[in-house]
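Participant: Quick one: the structure is below, questions incoming.
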C-alpha cells in the first residue's frame with residue numbers, strides 16, 4: 001500500500017539559507033500534519049491542513065510557512081535557517097473524518113551548518 | 114490542554130527479559146485516542162497500536178501487550194521476552210477528537226536498550 005512520501009530525505013543547509021520540504025500524502029487523504037523532532041526530543045506539532053486550509057497551528061516559528069496544494073501535497077518552507085532548526089521533520093496524513101488514524105512519512109532530516 | 118508523561122527516560126534490559134513502558138495521559142475530553150509508536154535508530158515512526166477512550170480491553174499482539182486503564186489514565190506497554198531488535202525509542206501519544214484535523218501530543222519517549 002502507498003505510504004506518505006517525503007522529499008528530500010536528507011537536507012544540509014547553511015545558516016540563513018532557505019529550505020523547502022515536501023510531503024505527498026497517502027492517496028485520497030485530505031489532511032496533512034507537520035511535526036518537528038529535535039535531537040533527543042519528542043515530535044512537536046507544527047501545523048496542519050485540511051482541504052488546502054490551515055486547520056491547526058502549533059509552535060511553528062514565523063520564519064516557517066506551509067501550504068497544501070490542490071493535489072493535497074504540502075510544502076513546508078523554512079527561511080533564515082538557524083542552527084536550532086536542525087531536526088527530523090515528519091509529515092503525516094489522514095482522512096478528515098478518521099481522527100483515530102494518522103500515518104507518518106519517513107521524515108526529512110534537516111541539518112543546518 | 115493535553116499532556117502525555119513517560120517518566121522512564123531510559124530502560125536497559127537483557128534479552129528475554131520482560132519490560133513495561135509506562136504512559137500516563139491528561140485530557141479533559143471524554144473521547145480521545147491513545148497511540149504507541151516505535152522509533153528505531155533509522156528514525157522513522159512505526160505505528161504499534163491505537164486505542165480509543167471507550168475501549169478499555171487490553172490487547173496482545175505477539176510479544177507486545179497493552180494495558181489501558183482509564184481509572185488511572187494510564188496506557189502501559191509491555192514487551193515479553195525482549196529481543197535486541199526491540200531496541201528503540203518508544204513514544205506514547207494522545208489525540209483528542211475535535212472532529213477536525215487534530216494533532217498528536219507525544220510523550221518525551223522511553224529509550225529501550227536490549228542487550229545480549
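Chains as they are written, first to last, in my numbering: chain R, 1 to 113; chain U, 114 to 229.
All C-beta atoms in this analysis are idealised placements derived from N, C-alpha and C, irrespective of residue type, glycine included.
Can the beta-carbon of residue 96 of chain R be found closer than 7 Å to that of residue 30 of chain R?
Facilitator: Yes. Within cutoff.
Participant: Taking residue 58 of chain R as the query, report the chain U residues whose CB atoms sit under 7 Å from its CB, ordered along the chain.
Facilitator: Per Cβ cutoff of 7 Å: 216.
Participant: Beta-carbon of residue 42 of chain R versus every beta-carbon of chain U: anything under 7 Å?
Facilitator: Yes - at least one Cβ of chain U is within 7 Å of the one on residue 42 of chain R.
Participant: Pull up the distance between the alpha-carbon of residue 155 of chain U and that of residue 202 of chain U, whole angstroms please.
Facilitator: Cα to Cα, the separation comes out at about 11 Å.
Participant: Starting from residue 109 of chain R, follow the beta strand (DSSP E) in both directions and report where the run begins and ends.
Facilitator: 108-112 is the span of the beta strand (DSSP E), which, as asked, contains residue 109 of chain R.
Participant: Where do the ends of the beta strand (DSSP E) carrying residue 56 of chain R lie?
Facilitator: Counting along the chain, the beta strand (DSSP E) containing residue 56 of chain R begins and ends at 53-57.
Participant: Say whether chain U places a C-beta atom closer than 7 Å to the C-beta of residue 27 of chain R.
Facilitator: With 7 Å as the cut-off, residue 27 of chain R does not count as an interface residue toward chain U.
Participant: Just the chain R side, please: which residues come within less than 7 Å of residue 207 of chain U by C-beta, in chain order?
Facilitator: Near residue 207 of chain U there are no residues of chain R at all, since even the closest Cβ is about 12 Å away, more than 7 Å.
Participant: Short of 7 Å Cβ to Cβ, which residues in the segment 158-175 of chain U face chain R?
Facilitator: Hits within the stretch, in order: 158, 163, 165.
Participant: Please say whether residue 183 of chain U and residue 169 of chain U have beta carbons closer to each other than 7 Å?
Facilitator: Going by C-beta atoms, residue 169 of chain U is nearer than 7 Å to residue 183 of chain U.
Participant: Let's see if you can read the secondary structure: which residues bound the beta strand (DSSP E) around residue 10 of chain R?
Facilitator: Residues 10-13.
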